[in-house]
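Worksheet: the structure to be examined is printed underneath.
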């Protein structure tokens with residue numbers, strides 16, 4: 042699976058959009074981008090995933106650049122409950138079964 | 024609520040002891056994964072079971088073992104416990120265990136070895 046790079050921490054004001062970047066410059070054609078988050082020692086929570094098209098669900102939007110070397114997770118209206126560590130994970134469709142969590146981005150949403 | 028349940032929530036024990044952690048997957052899920060999260064190592068994959076059979080192994084110590092029962096619940100057995108085994112242990116499940124599936128995580132068991 043390709044390696045990912047995320048900023049260690051970010052701040053966002055409540056009500057504003059949180060844009061979390063992820064660099065995956067070595068991504069290959071069959072690798073998906075997944076996002077999970079972990080709220081203070083709770084179990085990781087699936088957010089969204091995509092291959093090359095932008096994706097949106099009730100939690101977030103995922104924007105993948107045309108060259109697929111980077112992506113951005115967007116939380117459109119961040120709330121205090123979105124404070125968490127966000128993990129960007131790249132997985133091949135035929136890769137091993139484990140999720141390789143890196144260090145993620147610690148997002149702090151402030152009032 | 025992911026639908027994955029884990030018991031107990033907290034466990035305190037002494038070095039050298041043995042404990043069993045239990046996981047019930049989401050209804051209909053055949054595959055179970057175990058992960059360990061310690062302060063210095065982050066989230067690490069331990070082992071995966073699919074429909075009662077071991078499918079993949081990660082960084083699981085020989086002192087640790089797991090199994091998945093016919094009713095699909097799984098148990099992680101940790102023996103000869105050391106201080107360094109203190110960690111959060113998470114169980115996740117997915118429908119059929121392929122790499123493209125979303126894994127849904129339980130709330131975890133916090134183990135403290137004194």
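Chains as they are written, first to last, in this note's numbering: chain A, 42 to 152; chain B, 24 to 137.
Glycine included, each C-beta is placed from N, C-alpha and C at the ideal position.
Check each candidate in the options and name the one with the smallest Cα separation from residue i.
i                      : options                  : result
residue 122 of chain A : A/96, A/45, A/53         : A/53
residue 93 of chain B  : B/85, B/55, B/27         : B/55
residue 44 of chain A  : A/113, A/114, A/63, A/56 : A/63
residue 49 of chain A  : A/98, A/150, A/144       : A/144
residue 131 of chain A : A/125, A/96, A/92        : A/92
residue 130 of chain B : A/56, A/51, A/81         : A/81
residue 99 of chain A  : A/88, A/107, A/109       : A/88
residue 91 of chain B  : B/111, B/52, B/59, B/81  : B/52
residue 69 of chain A  : A/117, A/107, A/149      : A/107
residue 104 of chain A : A/51, A/60, A/149, A/67  : A/60
residue 94 of chain A  : A/72, A/141, A/138       : A/72
residue 120 of chain A : A/51, A/47, A/55         : A/55
residue 67 of chain A  : A/109, A/77, A/83, A/86  : A/109
residue 47 of chain A  : A/77, A/85, A/83         : A/77
Can you name the residues of chain B whose CB is closer than 7 Å to the CB of residue i?
i                      : result
residue 144 of chain A : 65
Write down the C-beta distance between residue i and residue j rounded to the nearest angstrom, noting that I regard them as a contact closer than 8 Å.
i                      : j                      : result
residue 66 of chain B  : residue 132 of chain B : Contact doesn't hold; Cβ gap of about 14 Å is too wide.
residue 40 of chain B  : residue 104 of chain B : 5 Å
residue 150 of chain B : residue 100 of chain B : Because chain B spans 24 through 137 in this model, residue 150 of chain B falls outside it and cannot be assessed.
residue 112 of chain A : residue 65 of chain A  : 7 Å
Mind checking which residues open and close the beta strand (DSSP E) that includes residue i?
i                      : result
residue 58 of chain B  : 54-61
residue 77 of chain A  : 72-79
residue 86 of chain A  : 86-91
residue 118 of chain A : No beta strand (DSSP E) holds residue 118 of chain A; DSSP gives it neither H nor E.
residue 124 of chain A : Note, residue 124 of chain A: premise wrong, no beta strand (DSSP E); not H, not E.
residue 83 of chain A  : Unbroken run through residue 83 of chain A: none, as it is neither H nor E.
residue 68 of chain B  : 65-73
residue 52 of chain A  : 50-54
Please compile the residues from chain A whose C-beta is within a distance smaller than 7 Å of the C-beta of residue i.
i                      : result
residue 125 of chain B : 87
residue 81 of chain B  : 139
residue 25 of chain B  : 84
residue 78 of chain B  : 138
So that I know if they touch, is there some Cβ in chain B lying closer than 9 Å to that of residue i?
i                      : result
residue 83 of chain A  : yes
residue 65 of chain A  : no
residue 75 of chain A  : yes
residue 132 of chain A : yes
residue 79 of chain A  : yes
residue 90 of chain A  : yes
Identify the contact partners of residue i in chain A, using a Cβ-Cβ distance below 9 Å as the criterion.
i                      : result
residue 129 of chain B : 84
Which bits of chain B does residue i rub up against, with CB to CB less than 9 Å?
i                      : result
residue 140 of chain A : 56, 58, 66, 68, 115, 126
Quick check: is the beta carbon of residue i nearer than 9 Å to any beta carbon in chain A?
i                      : result
residue 111 of chain B : yes
residue 30 of chain B  : no
residue 45 of chain B  : no
residue 133 of chain B : yes
residue 36 of chain B  : no
Residues of chain A with a CB under 8 Å from the CB of residue i: which are they?
i                     : result
residue 71 of chain B : 138, 139
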